[in-house]
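Okay, structure first, notes after.
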Amino acid sequence: MADDVIGKSIPRIDGLDKVTGSAIYTADMKLPGMLYARMLLSPHAHAKIVSINTDRARSLPGVKAVLTGAELPYRVGLYMIDKPILASEKVRYFGEPVAAVAAVSEDIAHEAVGLIEVEYEILEPVLDAKKALEPDAPLVHEQLHTYECVKGVFCPMGGTNIANRFQLRKGDTEDGFKQCHKIVENEFYAPQVQHVPLETHSSIAHWKPTGNIQIWTSAQSPFAVRNLLSVALGISHARIRVIIPYLGGAFGGKAGIHLEPLVALLSKAAGFKPVKVTATRTEEFITLPCRQGLHARIKTGVSREGRILAQEIEYIWDAGAYADYGVNIGRASGYSGAGPYDIDNVKLDSYTVYTSKPFGTAYRGFGHVELFWAIESQMDMVARELEMDPVDFRMKNLLDVGSTTVTGEKITKHTGSVRKCLEAVAKEIGWAKDARPAKETNGKIRAKGIAVLHKAPAMPPNTASGAIIKFNEDTTVDVLVSGVDYGQGTATSLSQIAAHALKLPFEKIHFIWAKDTDYNPYDWQTVASRLTVMGGLCILRAAEDAIDQIKTTASGALGVDKEELDVDDGRVFVKGDKATGLDYKNVIMGYMFPNGNSIGGPVIGRGSYVAEGLTNLDLETGQGLPALCWTYGAHAVEIEVDTRTGEIEVTQLVSAFDVGRIINEALCRGQVIGGGVQGVGTALIEQYVYDGEGHLLSDSLTDYKIPTVRDVPHEMKQIFVETPHDKGPLGARGVAEHPMISVPPAIANALFNGTGKRIKALPLSPENVFLALHEDSKKP
Amino acid sequence: MLPKFRYLRPGSLDEAIGLLKDCNESTRILAGGTDLLIGMHEGVHAPARLIDIKGIAQLHTIGFTEDGILIIGACVTVNELIESDATTGPMQAIREAASKLATYQIRNRATVGGNLCNASPACDLGPALLVLDAQLRLVSKQGERLISLKDFFSGVKTTCCEVSEVVTEVVIPPSPGTVSAFLKQGRIRGHDLSVVNAAGAIGHDGDLKLALGAVGTTPLLIDGFDEVGVDDRQKVIDAVLRAIAPIDDVRGSGIYRKRMAEFMTGEILDLLKGRLKQGGS
Amino acid sequence: MQIVTLKVNGESISVPVEDNWSLLRVLREELALTGTKEGCGMGECGACTVLLDGVPINSCLVLAREMDGREIRTIEGEAPQGELSNLQQAFLDNGAIQCGFCTAGMLMSARGLLMRNPDPTEEEVTEAICGNLCRCTGYKPIVAAVLDAATREKQHGR
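Chains as they are written, first to last, in the numbering used here: chain X, 6 to 785; chain R, 1085 to 1365; chain V, -13 to 144.
Okay, here's the thing in structure tokens:
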């Protein structure tokens, strides 16, 4: 066998299209006769729609369709079906679409939207998730008790603002706390933030007179769009075709379904003309989803020796106006929400709560960036309370082989090692136990901080994927999966797995880029760092199937038993005798004997995988097996804080992850660097800011800042631990989301270590840090 | 998306002021467009006519007169300010402010005249030019007038420039021996609007001038330092704190702005003293 | 409509435009040069960066009418014969690309830098791309790619 491609830093296969500007994204597409849609957005956070008059808009020349919520009696949603396509009866957040227009040009659509008159009766908005829980809080969804959701998994509480309640009970916390030497209780807060993909959401739909619907869209998951549209509109899956061209960043914000139903229905209303909508950057902020906010309360009891004996956790998720995806974040953060620690007694309640704000959805880490903000800040605070070194304290409590997780899962030698990750980053950053107090020079203080993390794919226990491998005449191979590569590099790493499994050179692999539900095999969604794992397993199985077909044909051709055959380097041959055999090219379209008789046929390998061995969780105790695989990690940072301005510079970020096995090292590093910087954004800068009425003020890139090239850590180092995962493809685990998790608490811990000031609400902006360091400044 | 308007591009100043003669508020002058076009995107402005003055050659020059007066044409771009030899020595604050303004791409379009006429309280060139006693030349069919920059700003995003007038140039009197400096504090290290900015200058006679942005309705020139020297640090800071009235907004609270104004005043004083010691920058 | 005449990637083109059309719109919608992206329309993200007479600008913030007689270079002009420039190759080799949506603007900012300064320092690269947002890569690989490209171009030209 030639060099194995596994572990090689092969440049991404989509790079050439992207550096030449020839990669076509949805926003770049134009169809003959295409119309342009614009939306009318709610100017209020919570209001009754008294009337809508669209007459003037409809009579504007060039307008082909106008829709309002009253005409669209549909609701959509992945886990909780709570989201209308256009608001009807009432609006639930500032920026919610109320009406939409399709016209021959964008300018006319824009003008027409301005001609729609809406009369609102303003209602009291609910702007704080904790206040939303109070008995007299206004209800965001009066009809919650009638909404459909995944049964036996979610617990909406009708008549309240609680979209889901998740609870977990392990051991006996009451008894546990009684044994404790010290009990430390704190509250933490993480505000809503946004994904900010460089490409805003864009969708084109063509509802044809035949009743078939074709959609091109900037979505993470073609099959999820197809399925949710099918369910919402009551149209057969076979009549809906969803195509995903190149996708300009997603991070969870393009998972599930967004603008696709609206443009589909506009297309139908406009007389079966294709309709396109591309969100403006402002719409991306105010209309499309963000990441949920989190109020966390953690009470930790420890023994004199520093063992955590009991922990009580309450997560209150600020879901915003809809929780179609958010309910599962509340659930995932519940079963994962005590961190990678071995604790006998845990009580955890996680509430997903409706408010009158833009709605939250999946965002890189799926709740874990937020919950680890709380957990890993708390762990340092507990360690300090015990006068223990934070690394030592964690080492005493981290999960190990033989430990049991909070849901009752046994940690094995295949699970991965969070300890190795923590050891590695502590060593690399030069962690010193007696580093405090830090020295101040010119008003600047340098200090270090650490934090650990874990996450498993958050998905239904029956999540499935498929792969097809088709040989071409020249022995190149088409690889079809439906996971979308929106920058992670998975297409390249999956191609490497295919080359490895088929024992072919990498150049032979033709990974089919565009995802098309008409041609590609099923895949649930490209989320949760699951594609390398589940797509990879499918490709291994499809390759095995293809090789079996090759051997079957070759067996007939050579008159040798199939079991006697082997493959390598594009050849099938008798084991130990490479000369006695056939080149793939003589087999993969069928073998022809000298007399013309032929056997076999085109080789088409098929691989399927459903997440195996998972269970739903007990609704009372949260016990069960929710995780296909855990990826562990740790960060260590060194920061320099300017006490005169409050500005934090991250001088070093060292990150370690147990990835099981590296498939493509450069792409892995790319994920860790990019995710680390996104974590710095959440830590230092990003937040949704509202006025008192619930209008989002940070609604542009002028007012909502993300890190620029000047805002990245000066030095970044990536360390990979490889504890092979027994169920992963070649031992691999996902590592797409993890780099972002626990960057914020590592920085906050460093800030504390340097200054003695603990900040419990994100972001650690210059202003927030300054005001914490100079508490007397709060007086005007 | 930009609203509909008519685009006009006069080739000379005479042509431009002729076009402006009978105009009302629905006409705007287009220079770099980096603020105006954004405002139009956001629906803040919807002018019926845009008069692009970049075709007027004389508005693009920068240089000193024989009398040592620095003349900066209204259409000189921010990057041209940075690249010009004229923004050294006493004029250092201009270069420093220009370097902190937005991004490289924006600076290739944004103009001196546009930045001042946009009159954002957080505008970066304002404080730097205020401490250098800059004046603006405003030309209309009726004639021309020279107005001090301090009097030019009249409120949040408003100026005393009439609809019929064009700001043609910034005029800065000679200031041999002066040292100047500019500092900016944003929410991030990369491109951001100023949470607070500050400029200072000390003349050859020891005369101190300070100006701060984003702490009031306009960039504020703070004077009254006749009795107070550069070494009376606390007195200078007190004078600054008395003069400013920062508000809370999405970029920062009034309290933080006040503390930053205090800190940056001290920093500016240190910078100026350092530059004086070096015999000018 | 008014006709404006532009030189785009070396080719002279006359195109009818409305007064309120941006250069970006004309490039994408009228000339089908969709390599240049719109990320915000407000000059904040840099995805629409093109070279105007060799100088990087945000094409969303200039009017097509202002461009009469000017020379524009877009991503499509970076490898006109299909042969990658050293800059493009360096982006590939340094992992400077993920989703690709910022890539065209980044490349144009970097090309502008290398045209005015063939031997930039890391700080100069940082300043040159500070107006280009990237949400995927964390920027480090992009800075490395531009520095790498400068070295290659000093040795081999574009």
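Idealized CB from N, CA, C, for every residue including glycine.
Residue-level contact to chain R via CB, residue i, 9 Å cutoff
i, result
"C116 (chain V)", "yes"
"T650 (chain X)", "yes"
"T(-9) (chain V)", "no"
"P713 (chain X)", "The sequence given here places Thr at residue 713 (chain X); Pro does not occur at that position. Chain R, which has a Cβ nearer than 9 Å to the Cβ of T713 (chain X), makes this yes."
"A678 (chain X)", "Sequence inspection shows Ile at residue 678 (chain X); the Ala mentioned does not correspond to that position. Not closer than 9 Å to any Cβ of chain R, the Cβ of I678 (chain X) fails to qualify, so no."
Separation of residue j from residue i, as counted between CA atoms
i, j, result
"E375 (chain X)", "P279 (chain X)", "40 Å"
"E643 (chain X)", "G739 (chain X)", "26 Å"
"V1112 (chain R)", "H1125 (chain R)", "The identity of residue 1112 (chain R) in the sequence shown is Arg, whereas the question assumes Val. Answer to the nearest angstrom: the Cα atoms are 15 Å apart."
"I678 (chain X)", "V714 (chain X)", "12 Å"
"G421 (chain X)", "G733 (chain X)", "12 Å"
"A379 (chain X)", "I83 (chain V)", "33 Å"
"H373 (chain X)", "S308 (chain X)", "27 Å"
"V351 (chain X)", "E428 (chain X)", "26 Å"
"G(-4) (chain V)", "G1261 (chain R)", "49 Å"
"H242 (chain X)", "N602 (chain X)", "41 Å"
"E1385 (chain R)", "D1333 (chain R)", "Limits of chain R in this structure are 1085 at one end and 1365 at the other, which puts residue 1385 (chain R) out of reach."
"I248 (chain X)", "V1254 (chain R)", "56 Å"
"P1094 (chain R)", "Q1226 (chain R)", "18 Å"
"G638 (chain X)", "H200 (chain X)", "22 Å"
"S223 (chain X)", "A1218 (chain R)", "51 Å"
"F87 (chain V)", "Q1269 (chain R)", "30 Å"
"T22 (chain V)", "A753 (chain X)", "39 Å"
"I1155 (chain R)", "L1220 (chain R)", "10 Å"
"G176 (chain X)", "I188 (chain X)", "17 Å"
Under 9 Å by beta carbon: chain X residues contacting residue i
i, result
"K1278 (chain R)", "The identity of residue 1278 (chain R) in the sequence shown is Ser, whereas the question assumes Lys. What S1278 (chain R) touches in chain X: nothing, since even the nearest Cβ is about 12 Å away."
"R1359 (chain R)", "None at all; the shortest Cβ gap to chain X is about 18 Å."
Interface flag, residue i vs chain V, CB-CB below 9 Å
i, result
"I1113 (chain R)", "no"
"K1138 (chain R)", "yes"
"H206 (chain X)", "no"
"H115 (chain X)", "no"
"F371 (chain X)", "no"
"Y1188 (chain R)", "yes"
Neighbour list for residue i in chain R, Cβ cutoff strictly below 7 Å
i, result
"V41 (chain V)", "N1192"
Partners in chain R for residue i, counting only beta-carbon separations shorter than 9 Å
i, result
"D105 (chain V)", "Going along chain R, no residue has its Cβ under 9 Å from D105 (chain V), so there is no contact; the nearest lies around 18 Å."
"L40 (chain X)", "Going along chain R, no residue has its Cβ under 9 Å from L40 (chain X), so there is no contact; the nearest lies around 16 Å."
"L49 (chain V)", "L1086, Y1091, L1114, G1117, L1121, L1134 and D1136"
Residues that residue i bridges to, as DSSP identifies them
i, result
"P102 (chain X)", "X:L46"
"Q(-12) (chain V)", "V:V3"
"Q316 (chain X)", "X:T305 and X:V351"
Sub-9 Å separation of residue i and residue j beta-carbons
i, j, result
"L99 (chain V)", "I58 (chain V)", "no"
"A195 (chain X)", "A456 (chain X)", "no"
"Q172 (chain X)", "T626 (chain X)", "yes"
"A42 (chain X)", "A92 (chain X)", "no"
"Y359 (chain X)", "Y327 (chain X)", "yes"
"H640 (chain X)", "L458 (chain X)", "yes"
Any C-beta of chain X under 9 Å from that of residue i
i, result
"R144 (chain V)", "no"
"S1365 (chain R)", "Since pLDDT at S1365 (chain R) reaches only 44, below the 50 mark, its modelled position is unreliable, and the value read off the structure follows with that caveat. Taking Cβ atoms only, chain X never reaches closer than 9 Å to S1365 (chain R), which makes this a no."
"G1337 (chain R)", "Inspection of the sequence shows that residue 1337 (chain R) is occupied by Ser rather than by Gly. Yes, its Cβ sits closer than 9 Å to a Cβ of chain X."
"M28 (chain V)", "yes"
"P2 (chain V)", "no"
"V129 (chain V)", "yes"
Contact set between residue i and chain X, taken where Cβ atoms lie within less than 7 Å
i, result
"F1266 (chain R)", "Chain X residues near F1266 (chain R): none, gap ~16 Å exceeds 7 Å."
"I83 (chain V)", "R17, G20, K23 and V24"
"Q1269 (chain R)", "T650"
Partner residues on chain R for residue i, Cβ-Cβ distance less than 8 Å
i, result
"E16 (chain V)", "Going along chain R, no residue has its Cβ under 8 Å from E16 (chain V), so there is no contact; the nearest lies around 15 Å."
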